[in-house]
Amino acid sequence: MAYTVGSYLAARMSQIGLKHHFAVAGDYNLVLLDELLTNKDLKQVYCSNELNCGFSAEGYARAHGAAAAVVTFSVGALSAFDAIGGAYAENLPVILISGAPNSNDRATEHLLHHTLGTRDFTYQIEMAKKITCAAVSITSAIHAPELIDYAIRTALREKKPAYIEIACNISAAPCAAPGPVSSVINEEPSDPEALKAAVAAAASYLRDRKKPVLLIGSKLRAAGAEKEAIQLADALGCSVAVMAAAKSFFPEDHPQFVGIYWGEISAPGAREIVDWSDGIISIGAIFNDYSTVGWTAMPSGSNVLNADLNRVYFDDRDFSRVRLRDFLSALARVVEKRDVTMVEYQRILTERPREKPEKPDAKLMRAEIVRQIRPLVTADTTVLVETGDSWFNGMMLKLPGGARFEIEMQWGHIGWSVPATFGYAVAAPERRIIAMIGDGSFQLTAQEVAQMIRLKLPVIIFLINNHGYTIEVEIHDGPYNNIKNWDYAGLISAFNAEDGKGRGLRATNGGELNEAIKVALANREGPTLIECIIDRDDCTADLISWGRQVATANARPPRPQ
Ligand code: DPX
Ligand code: MG
5 MAYTVGSYLA ARMSQIGLKH HFAVAGDYNL VLLDELLTNK DLKQVYCSNE
55 LNCGFSAEGY ARAHGAAAAV VTFSVGALSA FDAIGGAYAE NLPVILISGA
105 PNSNDRATEH LLHHTLGTRD FTYQIEMAKK ITCAAVSITS AIHAPELIDY
155 AIRTALREKK PAYIEIACNI SAAPCAAPGP VSSVINEEPS DPEALKAAVA
205 AAASYLRDRK KPVLLIGSKL RAAGAEKEAI QLADALGCSV AVMAAAKSFF
255 PEDHPQFVGI YWGEISAPGA REIVDWSDGI ISIGAIFNDY STVGWTAMPS
305 GSNVLNADLN RVYFDDRDFS RVRLRDFLSA LARVVEKRDV TMVEYQRILT
355 ERPREKPEKP DAKLMRAEIV RQIRPLVTAD TTVLVETGDS WFNGMMLKLP
405 GGARFEIEMQ WGHIGWSVPA TFGYAVAAPE RRIIAMIGDG SFQLTAQEVA
455 QMIRLKLPVI IFLINNHGYT IEVEIHDGPY NNIKNWDYAG LISAFNAEDG
505 KGRGLRATNG GELNEAIKVA LANREGPTLI ECIIDRDDCT ADLISWGRQV
555 ATANARPPRP Q
C-alpha cells in the first residue's frame, strides 16, 4: 500500500490504539481529513467547534489512554488551545493536528486568510510550544515520518499533549510507510541503579516509621500504576486515602480505602489518619491551592515521601528516572505489613449521615438529587463531574468496584464536561455514563449534546439549574454570578431537529426526578438531559467551607517588598 503524509499519520494513530479522532473541518485541513478517512480502522467524529473538539479528545483520552483532534489553522487551533492546555494540566496525551498554510506561501509576500494578516505563519507553533511537550511543523513529506513519530512518542511518554501542523499541500504527498509501532510507544525504562537505590531508601524510611499511610494522587493514572498502588497497599496493610482529583484511581471497595483526603472537607476519619501518620507515601499527588484547601492542608516535611511519575524524593534524598510503576511494585516486594493506621481508622470511623428521602412533591433539593443518583452508580458506570458544586456532590458518591470518576481539577475549565462526556462516551459506549453539570458551565459548550444525539449515545446528564455561578457566589458574590436562565430541557428538542432521539426533562421535585430517571434509563437511542431546578444557595456544606478557605488564600495582600 502506498502512503501519504496523512495516511501515515492515520496509520500511526491506529497503531497506538486509537479507534477514533475528533475533527472540525476547514479549508486548511480538508485534504488531510480525506487522507485520514482512507484508514478504515479509524473513525472520524465531528464536533461543533474546536474548543469542544479539544475537550472531546481530552475525554476520549481519559477513557482510552490517548486521543487526537484535527482542526484548521488559527481560527480553529487557537480555540482548541484552551482544551490542549487542559490536557497538559491533566496529564493526558492528546495529539492536536492542525492544517497549515501551503508550503509555497511561506517566505513570500503572500497574505493568507485565517491568519493575523501578517506574513508570519509561525506564531501558532510558537504558542503551541508552551502548552505541549512536542510541537512540529510538517512542510515536506520526507521529514514527515520522523516528525510525526517524535510528536506521538513524546506525548505518549510524557503523558502530555503534542502538536502537529501539516501544510495543506503536503497532506496527500507520497510518504514512506510506517515502521514498527515500538518506535513510537517505547517507554523510557527506569534507571536500574536509581530504582534499586530509591527502593532501598524508601524501605529504610518505612522501617523508621510506625504509622505509614498511602495518599493517592491523580498522576497515578498517567503513570499507568493503578495496579501497582494496590500491590503496595496490600503489602503494607495500611490506610489508603485518595485525593479528590484521583477519585476512583484506587478502588473504593478495597478494605483499606479510608476515603477522600481533602483537608477540612475530607471524608470522616481520612484527614485525621493522614495528619496522624508519620510516614505519608504520597503517590502522584498534585498539591495546588484547590487540593490543599487554600494551603491549609498540605502534607510536607520529613513525614512525606513523594513518589512522582518519574522521581522519588523525601528528606535529603532525590532519585530521578525512577518510574512510578516500577517503584511501587518493587517496594511492595520488600516491605512488611504495617497496619497501625488501619487499626486506628477502625476505631475512629464514623459515617457521614446519608440524605433522607424527601416527599415526592416536596421542592427539589440538592441532597435529594444526590440521593437519587447513588443507586445509578454501578460497576460499569463512569461519573463525570463539572467544575462547580458538582465536584462536591460527586465526592459524596460511594463507587462500587469498577466504577470510574472523572474530574478536571487542575485546569478547572467550566464547560469541560459536556464535550469530555461526549468524547468519553465515544471511547466507552459499553459503560453507563452519567454527567453532573451546573447551568453556568453548560452554557459554554452546550452544543456538544447535539453530537451525542447524532451518535445516539445514551448519556445521562443531570443539569443542576441553581440560577447562576453558585461556587463563585460562595467564594465572592456579585452581580456577575447571575446568568441568563435557559430552557435547558427544551433545548434538547431544538438539538433533536427532525431525526434526534435525545430527551429533555425537567424536575422540580423528587417525584419528577424519579420519573425522569426512569425515562433516562429506558432511552438507549440518545442522551437524556434532566434539568434539576434548585435554589441558588442550595449547595453542599463542603463547598461553603472550601470556598471560604480558597477565598482567604486568594485575598492575601501583597508581601511588603
Ligand atoms: C466559574 C464557576 O452553574 O456551577 O455549581 O452553580 O457553581 P455551580 P455552574 O456551572 O457555575 C460555574 C461557576 C464561573 N468559574 O460557578 S466554577 C470561573 C471560570 C472557570 N472556567 C472558565 N471561565 C470561568 N472555571 C472557562
Ligand atoms: Mg449554577
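Count along the sequence shown from 1, add 4, and you get the number used in the numbering used here.
Idealized CB from N, CA, C, for every residue including glycine.
Note that this is a predicted model, so its numbers are computed, not measured.
Between residue i and residue j, what straight-line distance do the alpha-carbon atoms span, to the nearest angstrom?
i, j, result
"G2", "V523", "In the structure as shown, the chain starts at 5 and stops at 565, and residue 2 therefore has no counterpart that could be examined."
"S187", "W420", "33 Å"
"Y12", "D384", "35 Å"
"V140", "F59", "21 Å"
"N108", "G30", "19 Å"
"K251", "I264", "7 Å"
"K163", "L388", "21 Å"
"D487", "D443", "Per the sequence shown, residue 487 should be read as Ile rather than Asp. Their backbone Cα atoms lie some 9 Å apart in a straight line."
"N558", "D293", "9 Å"
"K341", "N500", "57 Å"
"A555", "L96", "29 Å"
"Y32", "A454", "25 Å"
"L218", "A245", "6 Å"
"T76", "A171", "11 Å"
"V79", "T119", "8 Å"
"N307", "S286", "10 Å"
"I352", "R436", "35 Å"
"C51", "P379", "32 Å"
"D365", "T512", "8 Å"
"P105", "F125", "8 Å"
"P561", "T296", "19 Å"
"L55", "P216", "43 Å"
Given 6 Å as the limit, tell me if residue i has its C-beta closer than that to any heavy atom belonging to the ligand DPX.
i, result
"G416", "yes"
"T449", "no"
"E410", "no"
"G392", "yes"
"S445", "yes"
Excluding sequence positions up to five away, which residues of its chain have a Cβ less than 7 Å from the Cβ of residue i?
i, result
"M17", "H25, L46, A72"
"A334", "L199, V203"
"G121", "L115"
"F396", "T544, D546, L547"
"G228", "R329"
"C57", "F26, A27, V28, C51, A73, V75, A84"
"L403", "S252, E256, V381, F409"
"I277", "V217, S243, A245, V262, T345, E348, Y349"
So, for residue i: in the same chain, excluding its five sequence neighbours on each side, which residues have a beta-carbon less than 8 Å away from its beta-carbon?
i, result
"Q376", "G514, L517, N518, I521"
"M456", "T425, F426, A429, V463, G506, G530, P531"
"R356", "A271, P272, M400"
"P361", "E372, R375, G514"
"G398", "K251, V387, V389, F409, I411, M440"
"R540", "N470, H471, G472, T474, V477"
Does the ligand MG have even one heavy atom less than 6 Å from the beta-carbon of residue i?
i, result
"D539", "no"
"D542", "no"
"G474", "First, the residue type needs correcting, since residue 474 is Thr and not Gly in the sequence shown. Yes - the ligand MG has a heavy atom lying nearer than 6 Å to the Cβ of T474."
"G398", "no"
"N485", "no"
"G530", "no"
"N470", "yes"
"G626", "In the structure as shown, the chain begins at 5 and stops at 565. Residue 626 is therefore absent and cannot be evaluated."
Apart from the five residues just before and just after residue i, which ones in its own chain have a Cβ nearer than 6 Å to its Cβ?
i, result
"V338", "A207"
"Q19", "V185"
"A67", "Y428, A431, A432"
"R315", "S324"
"W266", "A248"
"E232", "R329, L332, S333"
Taking 6 Å as the cut-off, is the CB of residue i close to at least one heavy atom of the ligand ZN?
i, result
"G515", "With respect to small molecules bound, the structure shown includes the ligand DPX and the ligand MG and not the ligand ZN."
(message) Quick check: the segment 363-381 against the segment 235-246, are at least 3 beta-carbon pairs closer than 8 Å?
(response) With the cut-off at 8 Å, the segment 235-246 and the segment 363-381 do not touch.
(message) Below 8 Å, how does it come out for the segment 543-563 and the segment 472-492: are there three or more Cβ pairs, yes or no?
(response) They touch, by the three-pair rule.
(request) Report yes or no: do the segment 68-88 and the segment 435-453 share at least 3 C-beta pairs separated by less than 8 Å? (result) Short answer: they don't touch.
(request) Check whether the segment 151-160 touches the segment 132-139, counting contact only when three or more Cβ pairs, one atom from each stretch, lie closer than 8 Å. (result) Yes, they touch.
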